[in-house]
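So the structure is just underneath, and the comments pick up after that.
Protein chains in written order, with my numbering: chain A, 1357 to 1467; chain B, 9 to 121.
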């Protein structure tokens, strides 16, 4: 199994809603990542988890709250988002330094 | 700030021609570089990587060249095919840290029959 699986693929939410994005990998990778990608832009790093602990937070607003329940799962909890937060949210994992394996992304629309 | 960038936002080639996508980086401490391909509606897909102790690395139909003197990276695709049409990103990181991979701006490759 060499996949990173993200759910849901599409999410529409209002600014007062609370929702979560989920990511799962079964490759035994110890590092997991959240990236945000706006249209026609490169992915921008948000968070890095290493051995289930948050190691990098790229000054992301607190309305985005990551969680790593175990080594295979990574969540991104969303609350009080703004329309400008609409984007493709990409999860990735890696065995260590080197290549990141990306999921297909969750496309978020905030109304 | 330090960044990774590309010279051309769009590259159009004829099917069968060779393609060259360029990337400039500014962080001299970066020692690991990756090229990713991203098709519409999909996540980035690994193409090839190179470490700073190498100048060239070849894969299947792809070659990455690294020029540390001028901080330049290029991706060469031989015999470009319609399936190669996508956005290509270079990315850089520094070994020894938490694998903080930073992406460049991207180049769209359009392959015409």
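Note that the Cβ used here is the ideal one computed from N, Cα and C, for glycine as well.
Looking only at C-alpha atoms, which of A/1445, A/1404, A/1428, A/1451 sits nearest to residue 1367 of chain A? If you number the first chain from 1, residue 1367 of chain A lands on position 11. Ranking A/1445, A/1404, A/1428, A/1451 by Cα distance to residue 1367 of chain A puts A/1445 first.
Is the beta carbon of residue 109 of chain B closer than 8 Å to that of residue 94 of chain B? Position 86 of the second chain, counted from the start, is the residue given in the question as residue 94 of chain B. Position 101 of the second chain, counted from the start, is the residue given in the question as residue 109 of chain B. No, Cβ-Cβ distance for residue 94 of chain B and residue 109 of chain B is not below 8 Å.
What residues of chain C sit near residue 29 of chain B, judged by a beta carbon separation below 9 Å? No chain C is present in this structure, whose protein chains are A and B.
Considering only residues of the segment 64 to 116 of chain B, which uninterrupted alpha helix (DSSP H) runs meet the minimum length of 4 residues and lie entirely inside it, listed in chain order? none
Closest by C-alpha distance to residue 26 of chain B, when choosing among B/39, B/85, B/18: On the second chain, residue 26 of chain B is found 18 positions in, with the first residue counted as 1. It is B/85 whose Cα lies nearest to the Cα of residue 26 of chain B.
Since residue 51 of chain B meets chain A, which of its residues come closer than 7 Å, beta carbon to beta carbon? Taking the second chain and counting its residues from 1, one reaches residue 51 of chain B at position 43. One finds 1446, 1458, 1459, 1460, 1461 in chain A with Cβ atoms closer than 7 Å to the Cβ of residue 51 of chain B, taken in chain order.
Which same chain residues, not among the five before or five after residue 1372 of chain A, have their C-beta less than 6 Å away from its C-beta? Along the first chain, read from residue 1 onward, the residue named residue 1372 of chain A stands at position 16. Counting only Cβ-Cβ distances below 6 Å, and skipping sequence neighbours, we find nothing.
Run through chain B and tell me which residues come within less than 8 Å of residue 1399 of chain A, C-beta to C-beta. Position 43 of the first chain, counted from the start, is the residue given in the question as residue 1399 of chain A. Correct list: 52, 97, 111.
Per-residue DSSP class, three states only, for residue 1425 of chain A: As a first step, residue 1425 of chain A must be located in the first chain, where it is residue number 69. In the structure shown, residue 1425 of chain A sits in a strand (DSSP, three-state: E or B).
Mind listing the chain A neighbours of residue 108 of chain B? Cutoff is C-beta to C-beta under 8 Å, in chain order. The residue labelled residue 108 of chain B in the question sits at position 100 within the second chain. Residues of chain A passing the Cβ test: 1401, 1404, 1412.
Between which two residues does the beta strand (DSSP E) holding residue 62 of chain B run? Numbered from its first residue, the second chain carries residue 62 of chain B at position 54. Careful: residue 62 of chain B lies outside any beta strand (DSSP E) and carries neither H nor E.
Between residue 59 of chain B and residue 40 of chain B, how many whole angstroms is the CB-CB distance? I'm expecting something under 8 Å. Locating residue 59 of chain B in the second chain gives position 51, counting from the first residue. Locating residue 40 of chain B in the second chain gives position 32, counting from the first residue. Yes, residue 59 of chain B and residue 40 of chain B are in contact; Cβ-Cβ is about 6 Å, under 8 Å.
How about residue 55 of chain B and residue 44 of chain B: are their beta carbons less than 8 Å apart? Your numbering for residue 55 of chain B matches position 47 in the second chain. Your numbering for residue 44 of chain B matches position 36 in the second chain. Against a cut-off of 8 Å, the Cβ pair of residue 44 of chain B and residue 55 of chain B comes out as a contact.
Using DSSP bridges, identify the partner residues of residue 1400 of chain A. On the first chain, position 44 is the one that residue 1400 of chain A refers to. DSSP, once it has assigned bridges, lists A/1392 as partnering residue 1400 of chain A.
Environment of residue 87 of chain B [buried if 16+ CB atoms lie within 10 Å]: Position 79 of the second chain, counting from 1, holds the residue named residue 87 of chain B. Exposed: under 16 other Cβ atoms inside 10 Å.
Chain A contact for residue 42 of chain B (CB, 8 Å cutoff): Within the second chain, the letter at position 34 stands for residue 42 of chain B. Chain A contact via Cβ: present.
Hey, how far is the Cα of residue 11 of chain B from the Cα of residue 1405 of chain A? The sequence position of residue 11 of chain B within the second chain is 3, counting from 1. The sequence position of residue 1405 of chain A within the first chain is 49, counting from 1. Bear in mind that a pLDDT of 44 at residue 11 of chain B, under 50, signals an unreliable position, so the model cannot answer this.
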